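Note sheet for the following structure.
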Amino acid sequence: MMNTDRAKTASLTIPVVTVPSHPRWPELSDDQEQALKNRIKQLLKEQDAVLVAHYYTDAKLQELAEETGGCVADSLEMARFGMEHPARTLVVAGVRFMGETSKILNNEKRVVMPDLGATCSLDEGCPADEFSSFCDRYPDHTVVVYANTSAAVKARSDWVVTSGIALPIIKHLAARNEKIIWAPDKHLGGYVQRETGAQMIFWPGSCVVHEEFKSIALQRFRKLHPEAAVLVHPESPEAVIMQADVVGSTTALIRAVQTRPEQTFIVATDKGIFNKMKQLAPAKTLLEAPTEGEGATCQSCARCPWMGMNSLQNLAEVLETGTNEILVSADLARRARIPIQRMIDFSRQLQQG
Ligand code: 13P
Ligand code: SF4
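Going by our numbering, the sequence shown opens with residue 2, and the numbers climb by one from there.
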């Protein structure tokens, strides 16, 4: 149960994030696409590189990652995979914080990304200096930040969490009566607080993609599909989360499609995830949760514009030119690694029961 006395949101002015339009890549003929894929495969081999892609990236990149021995995963698993894989270069198809996390955990490896401008509204909406001053106001609080943040914000934190592990970590901290500063996603933070009863103060950030799911339109849509289970990523607004049969990370939502008895699913997260869901559960019907309706601006239409900045074309280019390397200073990496490693160790202990 949510304790409204504790549901404090910091009175802060956060930067207005400019959302780019979803990039349009030139259409390739089948022959051109095959030639490009072959070239990328050759370059990956020559450079002892492995492709690590997020579930939200273009299906062609996901397929290529799997064909070449890389991985398609959520942000936590991407980080783990990069640590365990022997390749000297990690090519991260995702958004900037994912590349930075890979670099922080693998300082000896070269980490490159197809587009260094692929950021995230949560990351952009939480500048390190402002965040640090905010934390200074609550010196007795434990600082927990979502993985969707810069290396500098992570370095100011005690714990990093992803959506896959936020609940058990906050439960663990709440059991120790720790007061928590949570940043930057207010919706995920609110969800975690409602589930755990933890004492939390929020940074008021949000994801421009998930914030667009509409609760009234979803109510109507569910009436049209009463047989469907509703799957919601917890970066969505509370009124959308309240209608979910499953609330979870990208991996948890994919698992739900595979394992739940329903044949039809209404999915409230980035559409890129449909590729993996269809691959693992081809007989199931997947419907997009509505992003339209009253008050809708549909800036993203359930497609993260920053994830869309990754394509076969700029992946080939970055391997050809050797550009777009992610660099994190040794001191910053050392400080940011501590809370990330804490999360990874916690997750390992959790898996071992
Ligand atoms: P995951 O941690 O589930 O991969 O999600 C990352 C993300 O950016 C969701 O919008
Ligand atoms: Fe960030 Fe949202 Fe895009 Fe995820 S979907 S990378 S949280 S803007």
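A virtual CB, placed ideally from N, CA and C, is assigned to each residue, including glycine. All values reported here derive from a predicted model rather than from experimental measurement.
Under 6 Å Cβ to Cβ from residue i, same chain only, skipping five residues before and after it: list those, please.
{"i": "Glu263", "result": "Ala230"}
{"i": "Asn325", "result": "Val113, Met114, Leu117, Val319"}
{"i": "Glu228", "result": "Thr265"}
{"i": "Asn108", "result": "Ala334"}
{"i": "Ala282", "result": "Val258, Gln259"}
{"i": "Ala60", "result": "Asn276"}
{"i": "Thr5", "result": "For Thr5, the predicted model reports a pLDDT of 35, less than 50, meaning its position is unreliable; a value from the coordinates is still stated below. Result list for Thr5: empty, nothing under 6 Å."}
Using a threshold of 8 Å, state whether the C-beta atoms of residue i and residue j are closer than that.
{"i": "Ala119", "j": "Met310", "result": "yes"}
{"i": "Trp204", "j": "Phe135", "result": "yes"}
{"i": "Ala80", "j": "Thr58", "result": "no"}
{"i": "Ala245", "j": "Ser216", "result": "no"}
{"i": "Val361", "j": "Ala148", "result": "Outside the shown range of the chain, which is 2 to 354, sits residue 361, and nothing can be said about it."}
{"i": "Ala269", "j": "Leu232", "result": "yes"}
{"i": "Ile267", "j": "Leu288", "result": "yes"}
{"i": "Ile171", "j": "Thr197", "result": "yes"}
{"i": "Ser164", "j": "His86", "result": "no"}
{"i": "Tyr56", "j": "Thr322", "result": "no"}
{"i": "Ile166", "j": "Leu77", "result": "yes"}
{"i": "Arg89", "j": "Arg111", "result": "yes"}
Short of 8 Å in beta carbon distance, which residues of its chain neighbour residue i, apart from the five on each side in sequence? Order them along the chain.
{"i": "Pro24", "result": "Pro306, Gly309, Met310, Ser312"}
{"i": "Val18", "result": "Ser122, Glu125, Gly126, Val209"}
{"i": "Leu62", "result": "Leu52, Ala54, Ala94, Asn311, Ser312, Leu313, Leu316"}
{"i": "Lys187", "result": "Thr10, Phe203, Trp204, Pro205, Gly206, Ser207"}
{"i": "Asp159", "result": "Thr143, Val144, Val145, Pro340, Arg343"}
Quick check on the DSSP output: the beta strand (DSSP E) that includes residue i runs from which residue to which?
{"i": "Phe214", "result": "Element bounds for Phe214: n/a, residue is neither H nor E."}
{"i": "Met201", "result": "201-203"}
{"i": "His55", "result": "50-55"}
{"i": "Arg177", "result": "It is not in any beta strand (DSSP E) - Arg177 carries neither H nor E in the DSSP assignment."}
{"i": "Arg256", "result": "Not the beta strand (DSSP E): Arg256 falls in the alpha helix (DSSP H), residues 251-260."}
{"i": "Ala74", "result": "72-74"}
Residue i lies in the alpha helix (DSSP H); which residues open and close that run?
{"i": "Cys136", "result": "129-137"}
{"i": "Thr324", "result": "No alpha helix (DSSP H) holds Thr324; DSSP gives it neither H nor E."}
{"i": "Leu29", "result": "Segment: none, Leu29 is in no alpha helix (DSSP H) and carries neither H nor E."}
{"i": "Arg304", "result": "Per DSSP, Arg304 belongs to no alpha helix (DSSP H) and is neither H nor E."}
Mind reading off the beta-carbon distance from residue i to residue j? Whole number of angstroms is fine, and I expect it under 8 Å.
{"i": "Pro340", "j": "Val161", "result": "5 Å"}
{"i": "Met114", "j": "Val93", "result": "5 Å"}
{"i": "Thr292", "j": "Phe214", "result": "6 Å"}
{"i": "Asp271", "j": "Arg304", "result": "6 Å"}
With a CB to CB cut of under 7 Å and the five nearest residues on each side skipped, what residues in its chain are close to residue i?
{"i": "Glu179", "result": "Thr143"}
{"i": "Gly83", "result": "Val53, Leu91, Ser103, Leu106, Asn107"}
{"i": "Ala156", "result": "Leu333, Arg336, Ala337"}
{"i": "Ser237", "result": "His188, His211, Phe214, Ala269"}
### Task
Go through the residues and name those whose CB comes closer than 5 Å to any heavy atom of ligand 1, in chain order.
Here the list is Asp75, Ser76, Thr163, Ser164, Ser250, Thr251.
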